[in-house]
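Residue numbers (the numbering used here), protein chains in the order written: chain B, 156 to 493; chain F, 156 to 493. Glycine included, C-beta positions come from ideal geometry on N, C-alpha and C. Below is one structure; the comments refer to it alone.
There are 2 protein chains.
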Amino acid sequence: MKISQIGELALLEKIRHRFRTKQRNILLGIGDDAAVVKPSSNKLLFTTDMMVEGVHFDLSLISPSQLGFKLVSVNVSDIYAMGGSPLYMLLNLSAPKSTTVRFIDDLLQGIREALRHYSCSLIGGDISASSHNMISLSATLIGTVRKPLLRSGADIGDRIYVTGNLGDSSCGLAVLKRIGRQVSFLQSGSSVRVRRPASNLLPKLPWKVIEPLLRRHLLPEPRAPKGYAPHATAMIDISDGLLIDLSRLCDESNVGAKVYLDKIPLSPELKKTARHFRKSPISFALRGGEDYELLFTAPQGKKVNARYIGDIVRSERTLVNRSGGEKPFLAEGYQHFS
Amino acid sequence: MKISQIGELALLEKIRHRFRTKQRNILLGIGDDAAVVKPSSNKLLFTTDMMVEGVHFDLSLISPSQLGFKLVSVNVSDIYAMGGSPLYMLLNLSAPKSTTVRFIDDLLQGIREALRHYSCSLIGGDISASSHNMISLSATLIGTVRKPLLRSGADIGDRIYVTGNLGDSSCGLAVLKRIGRQVSFLQSGSSVRVRRPASNLLPKLPWKVIEPLLRRHLLPEPRAPKGYAPHATAMIDISDGLLIDLSRLCDESNVGAKVYLDKIPLSPELKKTARHFRKSPISFALRGGEDYELLFTAPQGKKVNARYIGDIVRSERTLVNRSGGEKPFLAEGYQHFS
Chain B
156 MKISQIGELA
166 LLEKIRHRFR
176 TKQRNILLGI
186 GDDAAVVKPS
196 SNKLLFTTDM
206 MVEGVHFDLS
216 LISPSQLGFK
226 LVSVNVSDIY
236 AMGGSPLYML
246 LNLSAPKSTT
256 VRFIDDLLQG
266 IREALRHYSC
276 SLIGGDISAS
286 SHNMISLSAT
296 LIGTVRKPLL
306 RSGADIGDRI
316 YVTGNLGDSS
326 CGLAVLKRIG
336 RQVSFLQSGS
346 SVRVRRPASN
356 LLPKLPWKVI
366 EPLLRRHLLP
376 EPRAPKGYAP
386 HATAMIDISD
396 GLLIDLSRLC
406 DESNVGAKVY
416 LDKIPLSPEL
426 KKTARHFRKS
436 PISFALRGGE
446 DYELLFTAPQ
456 GKKVNARYIG
466 DIVRSERTLV
476 NRSGGEKPFL
486 AEGYQHFS
Chain F
156 MKISQIGELA
166 LLEKIRHRFR
176 TKQRNILLGI
186 GDDAAVVKPS
196 SNKLLFTTDM
206 MVEGVHFDLS
216 LISPSQLGFK
226 LVSVNVSDIY
236 AMGGSPLYML
246 LNLSAPKSTT
256 VRFIDDLLQG
266 IREALRHYSC
276 SLIGGDISAS
286 SHNMISLSAT
296 LIGTVRKPLL
306 RSGADIGDRI
316 YVTGNLGDSS
326 CGLAVLKRIG
336 RQVSFLQSGS
346 SVRVRRPASN
356 LLPKLPWKVI
366 EPLLRRHLLP
376 EPRAPKGYAP
386 HATAMIDISD
396 GLLIDLSRLC
406 DESNVGAKVY
416 LDKIPLSPEL
426 KKTARHFRKS
436 PISFALRGGE
446 DYELLFTAPQ
456 GKKVNARYIG
466 DIVRSERTLV
476 NRSGGEKPFL
486 AEGYQHFS
């Protein structure tokens with residue numbers, strides 16, 4: 156059935172019913188002109204992110220429920236990158252009339268699973284037809300934080316850390332493009348169980364190698380800041396790529412950075428797959444986006460449970476190789492309109 | 156110059172510079188992963204609205220600055236409809252690479268004028284390329300309210316009021332389609348001065364007749380709730396049309412409504428123009444959208460400075476004509492996907 160057969164009101168009713176919420180601080184959720192919320196005594200965080208078909212996703216490669224899960228995750232990542240916790244979400248969806256109700260149901264299912272996973276509630280939104288044959292989504296997330304971690308707090312002498320392996324997501328996208336169709340995972344509650352396909356999707360690259368890469372790309376789970384925040388002086392999430400996001404942090408802090416190439420954490424799956432593709436794993440790690448790991452700085456001497464990859468310096472921005480050779484880096488990574 | 160020539164970072168920088176804000180409660184505006192705001196002691200309101208090219212607007216008929224102004228206005232209308240005041244806005248914009256920098260500048264100018272007009276600050280957003288040749292905008296507005304006015308508070312015996320003339324905006328759209336091109340107004344600060352065109356745009360319909368209709372459609376200014384809120388029991392803004400929005404209020408309040416056709420306020424310009432188009436002015440008023448007047452209910456006997464158009468009754472929903480004849484009405488007005 157197409158959504159044109161059920162209409163806007165029925166679609167709204169469906170969403171309202173599905174995301175009914177009972178949380179003490181939500182005085183009014185979906186269904187009126189605006190949602191009403193009782194403010195907490197902490198500071199509030201606001202962020203918004205779009206996902207546009209043909210730019211951020213390709214429906215031949217990502218399923219609607221994966222798309223829904225990912226939309227929430229990329230927004231949660233920005234709240235985490237401030238050291239905060241997500242609370243509420245607003246959803247905007249524009250879709251062509253020919254979209255099936257099944258598609259919308261699956262999309263909402265993915266959104267619902269993610270919201271449950273991150274303990275966040277949908278409190279409002281807007282839906283609209285789309286004039287072109289294209290789906291476009293955006294979410295606004297409201298979070299709370301006691302002490303916000305800005306991009307601008309890095310100091311000369313601070314160490315640079317990342318919270319996990321880099322490059323997996325963009326390598327996962329390369330694998331996915333090679334496979335050329337949707338890959339299904341079994342999601343259930345907050346845990347994501349993976350269904351092993353009947354046969355290998357790519358000859359010479361076994362499922363157990365490509366599965367973590369695909370999962371990082373299709374069902375990213377941003378790194379929560381708890382445990383890293385106490386000592387951090389500046390923080391950002393890696394969404395567009397290490398080099399571009401580190402450059403943003405340096406710009407705001409008005410400092411430079413030295414990154415030690417051999418310290419950047421790479422997964423064995425990335426190394427194996429990159430070798431198969433005859434590409435350098437480090438280039439996925441430096442320029443690939445959507446890892447949703449945290450990149451942060453902390454003073455030397457603090458005990459930090461994350462991977463130390465570089466140092467904040469006065470002004471130059473360089474990559475240092477194993478033998479100590481340095482070369483400058485630019486803010487390379489995903490940029491719209493270019 | 157195209158935005159593809161300046162790129163995403165320069166575009167973000169432009170927006171950040173243009174919307175630099177110094178407000179006591181905004182601890183951090185545009186430029187980090189999320190904005191940081193000090194919550195007020197009042198309740199917070201959240202609303203979001205999209206505007207999609209080819210669905211909500213046609214760029215051959217509306218200028219980019221009018222579009223920007225209107226985007227803010229339609230969102231402010233939802234905050235007003237809760238009895239609240241707008242505080243902060245987040246903006247999402249997706250545009251094709253071929254969009255000119257001039258277009259973006261004009262759009263931002265309209266947004267800026269509207270934000271100033273409504274005493275509201277831009278604190279964040281997201282920009283993205285668009286895969287199809289289509290511009291899509293959305294805004295999320297955060298407001299504050301002491302006592303929120305819901306759709307659900309209407310009681311049997313309450314009177315139904317509207318805050319101004321209905322039908323002007325949809326009739327303005329009909330005029331605009333007849334003209335077939337953009338109409339320019341001079342905007343300056345919060346006041347909108349209108350430039351009289353050199354010659355009449357439509358023979359037989361003088362500029363002074365069509366100007367207020369066009370302005371209502373292109374540069375709507377939602378009605379602020381102050382003055383109406385104290386006695387109101389339920390409130391909604393008329394964005395999709397009187398009948399559909401009144402039906403929403405009745406649905407939420409679980410009541411019926413009687414609307415007296417001869418009490419619905421119609422402007423002389425609407426009457427004149429509808430006659431010229433051989434259409435009934437009342438059909439613009441009942442089913443036309445985007446008037447952004449408030450529709451509210453208040454107990455009988457309260458002195459209310461608005462137009463009394465009907466009564467809340469137990470369950471039937473009817474239109475009553477001059478001679479007392481009643482006929483049921485349906486939730487007719489703009490609906491997506493149908």
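Check                                                                                                                         : Outcome
Segment contact, 8 Å Cβ cut-off, at least three pairs: the region 379 to 397 of chain F with the region 440 to 456 of chain F : yes
Assigned secondary structure, P194(B) (DSSP; H/G/I helix, E/B strand, else coil)                                              : coil
Beta carbon proximity, S346(F) to chain B, threshold 8 Å                                                                      : Here the model assigns S346(F) a pLDDT of 40, short of 50, so the residue's position is not dependable, and the following value carries that caveat. Output row for S346(F): interface = no.
K427(F) - containing beta strand (DSSP E), residue span                                                                       : Looking at the DSSP string, K427(F) is not in any beta strand (DSSP E); the run it does join, the alpha helix (DSSP H), is P423 to H431.
Residue nearest to G238(F) in terms of C-alpha spacing, selected from S249(F), A284(F) and G298(F)                            : G298(F)
Chain-ordered neighbours of M156(F) on chain B, where CB pairs are closer than 9 Å                                            : Within 9 Å Cβ-Cβ: nothing; M156(F) doesn't reach chain B, min ~12 Å.
Neighbour-count burial assignment, G110(F), 16 or more Cβ in a 10 Å radius                                                    : Not covered by the structure: residue 110(F). The range shown for chain F is 156 to 493.
Three-state secondary structure (DSSP) of V338(B)                                                                             : coil
E487(F) Cβ short of 7 Å to the ligand NAD heavy atom set                                                                      : This structure lacks the ligand NAD; in fact it carries no ligand of any kind.
Closest Cα partner of S285(F) within the set A284(B), E268(B) and H211(B)                                                     : H211(B)
Residue from A329(B), Y316(B), P420(B) and D233(B) with nearest C-alpha to R433(B)                                            : A329(B)
Neighbour flag for P194(F) against chain B, beta carbons, 8 Å                                                                 : yes
Segments of 3+ residues assigned as beta strand (DSSP E) that fall wholly inside the region 290 to 336 of chain F             : 291 to 300 and 314 to 317
C-alpha distance - K157(F) paired with E163(F), whole-angstrom precision                                                      : 12 Å
I311(B) classed as buried or exposed, judged by whether at least 16 other C-beta atoms fall within 10 angstroms               : exposed
C-beta neighbour in chain B for D392(F), strict 8 Å                                                                           : yes
Option nearest I278(F) by Cα separation, candidates A250(F), P367(F) and K177(F)                                              : K177(F)
E481(B): first and last residue of the uninterrupted alpha helix (DSSP H) it sits in                                          : Careful: E481(B) lies outside any alpha helix (DSSP H), inside the beta strand (DSSP E) at E481 to P483.
Continuous alpha helix (DSSP H) stretch holding F439(F): start and end                                                        : P436 to R442
Contact between the region 221 to 228 of chain B and the region 358 to 378 of chain B (3+ Cβ pairs under 8 Å)                 : yes
Interface partners of I311(B) on chain F, CB under 8 Å                                                                        : Here the premise fails: no neighbours, minimum Cβ distance about 20 Å.
Entirely enclosed alpha helix (DSSP H) segments - the region 199 to 261 of chain F, minimum 4 residues                        : 219 to 235
Straight-line Cα distance separating R306(B) from D406(B)                                                                     : 9 Å
Amino acids of chain B, ordered along the chain, whose beta-carbon sits closer than 8 Å to that of E163(F)                    : Q490, H491, F492 and S493
Sheet register partners of V364(F) (DSSP bridge)                                                                              : For V364(F), which the question treats as bridged, DSSP gives no partner whatsoever.
Segment contact flag, the region 253 to 270 of chain F with the region 331 to 341 of chain F, C-beta cutoff 8 Å, min 3 pairs  : no
C-alpha gap between K413(F) and Y316(F), whole angstroms                                                                      : 12 Å
Closest by C-alpha distance to T473(B), when choosing among H272(B), L404(B), L398(B) and L248(B)                             : L398(B)
Chain-ordered neighbours of A387(F) on chain B, where CB pairs are closer than 8 Å                                            : Chain B residues near A387(F): none, gap ~13 Å exceeds 8 Å.
A412(F) - containing beta strand (DSSP E), residue span                                                                       : G411 to Y415
Helix, strand or coil at R472(B) [DSSP, three-state]                                                                          : strand
Contact residues within the region 198 to 220 of chain B, judged by C-beta distance below 9 Å to chain F                      : K198, L199, L200, F201, T202, T203, D204, M205, M206, V207, E208, G209, V210 and H211
Sub-8 Å separation of E471(B) and G396(B) beta-carbons                                                                        : no
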